[in-house]
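Chains as they are written, first to last, in this note's numbering: chain A, 160 to 217; chain B, 16 to 332.
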């Protein structure tokens, strides 16, 4: 995982989402962004778009 | 590689290398003490871009060679002020840009900015369709580096003269896709090369109507990965904005767990369908067993269609 674009419905959710991300990426966190947005699914509170890749591969 | 540093959120790396490009995490308008500073959008935009430029320097790249920038504003009313402060940072061949209202999680910040930057030793070329007017704002419509093409966040405007095309979300989506097709064609590419889309709509009620038009662009080809969220756009009449990334790679394949990977579990569960996920990947080794074919379900296919989704794996579980 190189990039995580994270949308949260409430700013207060950012810390816990990033905490969960750190738990699955203890070897190195991705770059990315965390911003607030409403989601299409009414009850969802977080949406994450991930880009994976290998460094240096054109 | 990824690197720790003062990103907008310390839990994120300041930058990461993706292929030959460098992704700089979203930054806030922070002062030297790490606090959000700057009175008003102009000062905050300048501060944020200075922090982004610092991050680029630490990553060994130049912000001026950005291919794609994402600007997240707290208030659409700040668009003009942001542009005025933004332009001096990108005076020649500016990068593509997507600007939406998606507030930074720090309540004092009016803006957050991220960028994907091309190193000096890699090609970087602005792509501009013949007959199109240059954007009135400080961004290019498309930038190519190697086998990757980044498009700006597209809204419902005529490429030739930049005038707005009013209409419902279906009309606006069609204009956006027509513009994207022109931009891809200017690079000699097509929708079959698109691997990623970020869709911003202003009203959840527009989701199905947007999808109905969107899927036409990808008829006959696996649609790209996609995230769709609700966000404010820069003009009140705008209902949808879409940002595409394309990769020309003969080895482009749909990947995901056998049986397909739901891009949004709640949507997939509600619609009874799964979503394809596409990315450019190396060819699978000859020893790799073929993916298990998904099983079709006419009932779930109907639910997919009613939810506005009819991709190749629609109705398959």
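Where is the CB? At the ideal position from N, CA and C, for every residue including glycine.
Bear in mind the structure is a predicted one, so any value in this text is a computation, not a measurement.
May I ask which residues mark the beginning and end of the alpha helix (DSSP H) holding residue i?
i, result
"residue 185 of chain B", "184 to 201"
"residue 178 of chain A", "173 to 183"
"residue 228 of chain B", "222 to 232"
Following the continuous beta strand (DSSP E) through residue i, name the residue where it begins and the one where it ends.
i, result
"residue 164 of chain B", "163 to 166"
"residue 195 of chain A", "190 to 195"
"residue 83 of chain B", "81 to 88"
"residue 130 of chain B", "126 to 132"
"residue 101 of chain B", "Taken as a continuous stretch (DSSP letters only), residue 101 of chain B belongs to no beta strand (DSSP E), being part of the alpha helix (DSSP H) at 94 to 101."
"residue 140 of chain B", "140 to 142"
"residue 158 of chain B", "157 to 160"
"residue 169 of chain A", "From DSSP, residue 169 of chain A is part of no beta strand (DSSP E); its letter is neither H nor E."
"residue 242 of chain B", "240 to 245"
Assign residue i to buried or exposed, taking buried as 16 or more other Cβ atoms, counted over all protein chains shown, within 10 Å of its Cβ.
i, result
"residue 106 of chain B", "exposed"
"residue 256 of chain B", "buried"
"residue 118 of chain B", "buried"
"residue 179 of chain A", "exposed"
"residue 191 of chain A", "buried"
"residue 28 of chain B", "buried"
"residue 202 of chain A", "exposed"
"residue 59 of chain B", "buried"
"residue 251 of chain B", "exposed"
"residue 31 of chain B", "buried"
"residue 203 of chain B", "exposed"
"residue 183 of chain B", "exposed"
"residue 175 of chain A", "exposed"
"residue 122 of chain B", "exposed"
"residue 242 of chain B", "buried"
"residue 93 of chain B", "buried"
"residue 182 of chain A", "exposed"
"residue 34 of chain B", "buried"
"residue 14 of chain B", "Only positions 16 to 332 of chain B appear in the structure, and residue 14 of chain B is not among them; the question remains open."
"residue 103 of chain B", "exposed"
"residue 168 of chain B", "buried"
Residue i by DSSP, collapsed to three states: which one?
i, result
"residue 29 of chain B", "coil"
"residue 206 of chain B", "helix"
"residue 201 of chain A", "coil"
"residue 263 of chain B", "coil"
"residue 68 of chain B", "helix"
"residue 145 of chain B", "coil"
"residue 61 of chain B", "helix"
"residue 151 of chain B", "coil"
"residue 74 of chain B", "helix"
"residue 41 of chain B", "strand"
"residue 219 of chain B", "helix"
"residue 52 of chain B", "coil"
"residue 117 of chain B", "coil"
"residue 252 of chain B", "coil"
"residue 91 of chain B", "helix"
"residue 112 of chain B", "strand"
"residue 210 of chain A", "strand"
"residue 161 of chain A", "coil"
- Message: Counting only Cβ-Cβ distances shorter than 7 Å, please list the residues of the segment 251 to 267 of chain B near chain A, keeping chain order.
- Response: none
- Item | Validate contact between the segment 59 to 75 of chain B and the segment 197 to 208 of chain B using beta carbons, cut 8 Å, 3 pairs | no
- Compile a chain-ordered list of the residues in the segment 179 to 206 of chain B whose CB is closer than 8 Å to at least one CB of chain A. none
- Message: At a CB distance below 8 Å, what residues from the segment 76 to 93 of chain B approach chain A? Give them in sequence order.
- Response: 85 and 87
- Item | Contacting positions in the segment 25 to 55 of chain B - beta carbon closer than 8 Å to chain A | 26, 27, 28, 29, 30, 31, 32, 33, 34, 35, 38, 39, 40 and 41
- Query: Per the contact definition of three or more C-beta pairs closer than 8 Å, is the segment 234 to 251 of chain B in contact with the segment 153 to 165 of chain B?
  - Reply: no
- Message: With three or more beta-carbon pairs closer than 8 Å as the criterion, would you say the segment 109 to 117 of chain B touches the segment 40 to 49 of chain B?
- Response: no
- Task: Mind checking the segment 101 to 122 of chain B against chain A and listing, in chain order, the residues whose C-beta falls within less than 9 Å of any C-beta there?
- Result: 115, 116, 117, 118, 119, 120, 121 and 122
- Is the segment 166 to 175 of chain A in contact with the segment 29 to 45 of chain B, if contact means three or more CB pairs nearer than 8 Å? no
- If you measure beta-carbon to beta-carbon, which residues of the segment 234 to 245 of chain B are closer than 7 Å to chain A? 242, 243, 244 and 245
- Message: Pairs of beta-carbons, one from the segment 133 to 144 of chain B and one from the segment 176 to 191 of chain B, closer than 8 Å: are there three or more?
- Response: no
- Item | Contact residues within the segment 187 to 203 of chain A, judged by C-beta distance below 9 Å to chain B | 187, 188, 189, 190, 191, 192, 193, 194, 195, 196, 197, 198, 199, 200, 201, 202 and 203
- Query: Of the residues that make up the segment 123 to 139 of chain B, which ones have a beta carbon closer than 7 Å to any beta carbon in chain A?
  - Reply: 127 and 129
- Select from the segment 219 to 234 of chain B all residues with a C-beta closer than 7 Å to any C-beta belonging to chain A, and list them in chain order. 219 and 222
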